[in-house]
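Participant: Before we start, here is the structure in question, set down as structure tokens.
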Amino acid sequence: GSAFGTYLMRQFFATLPVDLEEAAILDGCSPWQVYWRILLPHAKPAVMVLAVLTWINVWNDFLWPLLMIQRKSIATLTLGLVWMQGEYVAEWPVLMAASMLMLAPLIVIYAVAQRAFISGIAATGFGGR
């Protein structure tokens, strides 16, 4: 949903050989079938990168929830971490422990996505360019 996502996907599709599209058209594929059956499966690594980066951006978002959320019972973890600080004093051990707990989902998502990135690049045969 951002300009970066549009740019990332456009640049990835620009690197795919035109021969793939031409061969699919010669085989009788419609433009939709070319996209759905040929181009999109090759774009799996780019889609995964975009999905993970978007998820991390939403997970770490601070300003929008700060402006919209008025009840602490529905606050995001990022807001909760800030609200744990006192006005004049902060319990640093508690804040650091909460920060580490907030990192756990990011590390898991990164580990899972990294495996998909590598397998997607190996399957397409376009890695290393």
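All the letters of the sequence shown, read from the start, carry residue numbers 910 to 1038 under our numbering. Beta carbons: idealized from backbone N, C-alpha and C, even for Gly. The model shown is predicted, which means the values in this text are computed figures rather than measured ones.
Enumerate in chain order the residues of its own chain whose CB-to-CB distance from Cys938 is below 8 Å, with the five nearest sequence positions on each side excluded.
Facilitator: Along the sequence shown, read from residue 1 onward, the residue named residue 938 stands at position 29. Correct list, in chain order: Arg946 and Ile947.
Participant: Of the residues Leu972, Asp928, Leu959 and Val943, which one's Cα is nearest the Cα of Arg919?
Facilitator: For the purposes of this step, residue 919 is identified with residue 10 of the sequence shown, where counting begins at 1. Looking at the Cα atoms, Leu959 is the closest of the given residues.
Participant: Can Leu1015 and Trp973 be called in contact, C-beta distance under 9 Å?
Facilitator: For the purposes of this step, residue 1015 is identified with residue 106 of the sequence shown, where counting begins at 1. For the purposes of this step, residue 973 is identified with residue 64 of the sequence shown, where counting begins at 1. For Leu1015 and Trp973, no; Cβs fall outside 9 Å.
Participant: For Trp964, I'd like the list of residues in its chain whose CB is within less than 7 Å of its CB, leaving aside the five on either flank, ordered along the chain.
Facilitator: By 1-based counting over the sequence shown, the position of residue 964 is 55. Cβ neighbours of Trp964 beyond the five flanking positions: Ile1018.
Participant: Kindly indicate which three-state DSSP category Asn966 falls into: helix, strand or coil?
Facilitator: Here residue 966 refers to the residue found at position 57 when the sequence shown is read from its first residue. In this structure, Asn966 counts as helix in the three-state DSSP scheme.
Participant: If you reduce the DSSP assignment to three classes, tell me which class Thr985 lands in.
Facilitator: Numbered from 1 along the sequence shown, position 76 holds the residue referred to as residue 985. Thr985: coil per DSSP, three-state reduction.
Participant: Please confirm whether Leu988 and Ser1008 have their CB atoms less than 9 Å apart.
Facilitator: For this step, residue 988 is matched to residue 79 along the sequence shown. For this step, residue 1008 is matched to residue 99 along the sequence shown. In this structure, Ser1008 does not lie closer than 9 Å to Leu988 by Cβ.
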